[in-house]
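Here's the structure we're looking at; comments come further down.
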Amino acid sequence: MVLVFAELGNGNLKKTSLEVAAYAAELAKNKNTECIAVAIGNANAGELEKLGNCGIKKVLHADDDKLNSVYSKAYSKIITEAAKNNNADTVVLSHNSTGKTIAPRIAIKMNAALLPGVSSLPDGNNFSKTVFSGKATAQLAAKTNTVVITLNPNSFKPHLTSDTASVEKINVSIDAKDFDYEITGTEKESEGMVPLPEAEIVVSGGRGLKGPENWAIVEDLAKVLNATTACSRPVADIGWRPHHEHVGQTGITIKPNLYIAIGISGAIQHLAGVNQSKCIVVINKDPEAPFFKAADYGIVGDAFDVVPKLTEAIKQIKSS
Amino acid sequence: MKILVCISKVPDTTTKISFTDNNSKFNEDKVQFIINPYDEWYALVRALELKETLDGTVTVINVGKADNEQIIRKALALGADDAVRVDTDPADAFTVANEIAAYAKPENYDIILTGKETINYNSGVVAGMIAELLDLPYVSLASKLDVDGNNLKIEREIEGMKETLKVAMPCVIGAQKGMAEARIPNMRGILASKTKPVKIIAPITNEIHVQSVSFSLPPEKGAVKLFSPDNVKDLAEALHNEAKVF
Ligand SMILES: Cc1cc2nc3c(=O)[nH]c(=O)nc-3n(C[C@H](O)[C@H](O)[C@H](O)COP(=O)(O)OP(=O)(O)OC[C@H]3O[C@@H](n4cnc5c(N)ncnc54)[C@H](O)[C@@H]3O)c2cc1C
Ligand SMILES: Nc1ncnc2c1ncn2[C@@H]1O[C@H](COP(=O)(O)O)[C@@H](O)[C@H]1O
Chain P
4 MVLVFAELGN
14 GNLKKTSLEV
24 AAYAAELAKN
34 KNTECIAVAI
44 GNANAGELEK
54 LGNCGIKKVL
64 HADDDKLNSV
74 YSKAYSKIIT
84 EAAKNNNADT
94 VVLSHNSTGK
104 TIAPRIAIKM
114 NAALLPGVSS
124 LPDGNNFSKT
134 VFSGKATAQL
144 AAKTNTVVIT
154 LNPNSFKPHL
164 TSDTASVEKI
174 NVSIDAKDFD
184 YEITGTEKES
194 EGMVPLPEAE
204 IVVSGGRGLK
214 GPENWAIVED
224 LAKVLNATTA
234 CSRPVADIGW
244 RPHHEHVGQT
254 GITIKPNLYI
264 AIGISGAIQH
274 LAGVNQSKCI
284 VVINKDPEAP
294 FFKAADYGIV
304 GDAFDVVPKL
314 TEAIKQIKSS
Chain C
2 MKILVCISKV
12 PDTTTKISFT
22 DNNSKFNEDK
32 VQFIINPYDE
42 WYALVRALEL
52 KETLDGTVTV
62 INVGKADNEQ
72 IIRKALALGA
82 DDAVRVDTDP
92 ADAFTVANEI
102 AAYAKPENYD
112 IILTGKETIN
122 YNSGVVAGMI
132 AELLDLPYVS
142 LASKLDVDGN
152 NLKIEREIEG
162 MKETLKVAMP
172 CVIGAQKGMA
182 EARIPNMRGI
192 LASKTKPVKI
202 IAPITNEIHV
212 QSVSFSLPPE
222 KGAVKLFSPD
232 NVKDLAEALH
242 NEAKVF
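Protein chains in written order, with our numbering: chain P, 4 to 323; chain C, 2 to 247.
Next comes the structure, spelled out in structure tokens:
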């Protein structure tokens, strides 16, 4: 049996939940077994049934309003219990902030091998995972019968059907000490934008943009593409852009379908966070900029000239 | 305040990655090693700042063989009081977590700090495992940490959101960018580091859960397709029709 954790946010399934559900369903099919999902916290009407779209037949729902935020102890306890009660030997979560927090606990509780940040279905018993910040791939073999897998966001595309899943409420035994911290506040950072790790298109600016007052051209391009904005590290360090936009080896790792780098030289530490993007476009006035070696498409030119033209051209294509 | 900081050894960020022994081992030839940036810049420096303002001790721990001495000395030069090295070459995160938890258990640290992840294996799982093994609260991806009586006030940066929370000590915290600013060791620190104690302890287990079987490098990128600044439209067309990314 494969058990997948389908995370809710404000009562709705997260985008990553559909990815992990589809991955887990496929994994179960390959192993000739069943896949069930577990969801924690309140869900909006009809929401959990949608997991059927990804190939899940049954969803266990720990429906408790005290569990609308992620608590590492409570969540890992509920998921581990659900795995034990259903004889699951495989547990799948997203490699997002929640998965990274609770998967290690679940792995220890189940005495299972933890395979963090995999990006494809296993080949037999071997899982592949990018290592050295995207500069290489490792084949990992689990030495245990039980495994816990966390799947990189944006690496498995669900093929949705119109099937629906059945939902079964489960009772959980949670006590005060399972709430290992008290959440005192939350603040949205990138208002209206898809969070960077989940974004399919990212438009990013570097020191070549000269100053924060020039970011409108980046934001306009991002807007027509429905993209999320990012930046290089020095740009965040000097305070031109907020820290959470910094991508790279010491920032956020992303793997969007499209990454547009504007006025970024392409230092190895920057590339380490973006080199798994499926398509890379570089706009830089220096033909020798190292980023061109990692790019699929490029323009050698002045960003202040090229970017508004690109925004306009994309707008035209989109409206035709 | 008693703080333990877990430091791992990683290749310098500019290292060209290659493999030996039929692609089963990382080629360490001519590689410069450093303390994992998250462990050094954020976890260790914040621990040192707390020690400076609140009194206390900062111990660093590394699971690794004798050639890790160099990064341990750097941590001591930055200001850690003492160090522990568990003398084994860890095969997976489970081993690392087991060793650190076994050492830390009787020591009763107020805070155990790790980096968000190592830049070579990019796993980010050791801290959560330590927390589970010691039955302690765990906060990952912390970008700010302050002490407030018996609690820590933490800020976390998670997908498009900033979260603030309060957690009671003892606890385990994974540190990321924002928590502190990188420091450079000064001459006094470097001299002092030479005489600070490094305790070497034997490993408790050789059980592993995950084995790295082989490594491969990504396929070479083809040449970049360049467009002229006068034909930006053609780039837009190519992205739409050829790459099909929008
Ligand atoms: C341990 C370590 C970790 C690091 N981690 C990261 C990380 O996570 N992320 C990161 O980004 N960096 C990181 N760095 C820093 C990295 O080495 C580079 O210094 C940084 O990425 C450079 O940022 P940049 O490309 O914006 O600026 P620059 O290197 O200054 O490049 C600016 C570019 O803009 C171009 N340009 C200038 N004017 C124009 C114009 N009008 N139109 C078009 N192009 C123009 C220039 O030709 C140049 O290529 C790290 C460094 C170290 C040592
Ligand atoms: N060999 C090691 N010795 C000490 N600490 C380690 C070791 N490996 C990893 N860590 C710590 O665990 C964190 C996460 O590592 P990982 O789960 O391997 O990505 C690192 O940032 C370190 O703080």
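C-beta: ideal position from N, C-alpha, C; glycine also.
Establish whether the CB of C/GLY179 and some CB of chain P are separated by less than 8 angstroms. yes
Spatial neighbours of P/LYS180 within its chain, please: C-beta separation below 8 angstroms, excluding the five flanking residues on both sides. LYS76
Quick one, which residues of the segment 174-200 of chain P are near chain C if we go by CB-CB under 8 angstroms, in chain order? ASP183, TYR184, GLU185, ILE186, THR187, GLY188, THR189, GLU190, LYS191, GLU192, SER193, MET196, VAL197, PRO198, LEU199 and PRO200
Residues bridged to C/ARG86 (per DSSP): C/ASN63 and C/ILE201
For P/GLU190, the nearest candidate out of C/ALA239, C/GLU156, C/ARG189 and C/ILE112 (CA to CA): C/GLU156
State yes or no: is the C-beta of C/GLU133 within less than 8 angstroms of the C-beta of P/PRO107? yes
Could you pull the start and end residues of the beta strand (DSSP E) that C/ASP1 belongs to? Summary: the structure shown does not reach residue 1 of chain C, with chain C confined to residues 2 through 247, and so no result is reported for it.
C/VAL216 and P/ALA48 closer than 8 angstroms at C-beta: Note on residue identity: the sequence assigns Phe, not Val, to residue 216 of chain C. Going by C-beta atoms, C/PHE216 is not nearer than 8 angstroms to P/ALA48.
DSSP three-state label for C/LYS17, please. coil
P/LYS112 touches chain C at which residues, Cβ-Cβ below 8 angstroms? GLU133
I want to verify the contact list: residues of chain C whose CB lies under 9 angstroms from the CB of P/THR93, in sequence order. Neighbours of P/THR93 on chain C: none; closest Cβ ~14 angstroms, over 9 angstroms.
What does P/PRO215 reach in chain C if we use C-beta pairs closer than 8 angstroms? Near P/PRO215 there are no residues of chain C at all, since even the closest Cβ is about 19 angstroms away, more than 8 angstroms.
So, for C/PRO138: in the same chain, excluding its five sequence neighbours on each side, which residues have a beta-carbon less than 6 angstroms away from its beta-carbon? VAL168 and CYS172
P/LYS160 CB to nearest chain C CB: under 8 angstroms? no
With a threshold of 7 angstroms, establish whether the CB of C/PRO91 neighbours any heavy atom of ligand 2. yes
Measure from the alpha carbon of C/VAL127 to the alpha carbon of each residue in P/HIS246, P/PRO311 and P/ILE111, then state which is nearest. P/ILE111
Under 8 angstroms Cβ-Cβ, which residues of chain P neighbour C/ALA143? Residues of chain P passing the Cβ test: none, with the nearest at roughly 11 angstroms.
Give me the residue from P/ALA230, P/ALA42 and P/ASN278 with the minimum Cα distance to C/PRO220. P/ASN278
Can a CB atom of chain P be found closer than 8 angstroms to the CB of C/VAL233? yes
Separation of P/LEU51 from C/ALA78, as counted between CA atoms: 54 angstroms
Have a look at the DSSP bridge pairing and note the partners of C/LYS154. C/ASP147 and C/LYS167
Excluding five sequence neighbours on each side, which residues of the same chain lie with their C-beta closer than 6 angstroms to the C-beta of P/GLY137? ALA275, ASN278 and GLN279
Using 8 angstroms as the Cβ pair cut-off and three pairs as the minimum, do the segment 290-307 of chain P and the segment 79-89 of chain C touch? no
If you draw a straight line from the C-alpha of P/VAL316 to the C-alpha of C/LYS226, how long is it? The sequence given here has Ala at residue 316 of chain P, not Val. Taking the straight line from one Cα to the other gives about 18 angstroms.
Residues that C/ILE159 contacts on chain P, provided the C-beta gap is smaller than 7 angstroms: SER100
Proximal residues, the segment 166-192 of chain C versus chain P, C-beta separation under 7 angstroms: LEU166, LYS167, VAL168, LYS178 and GLY179
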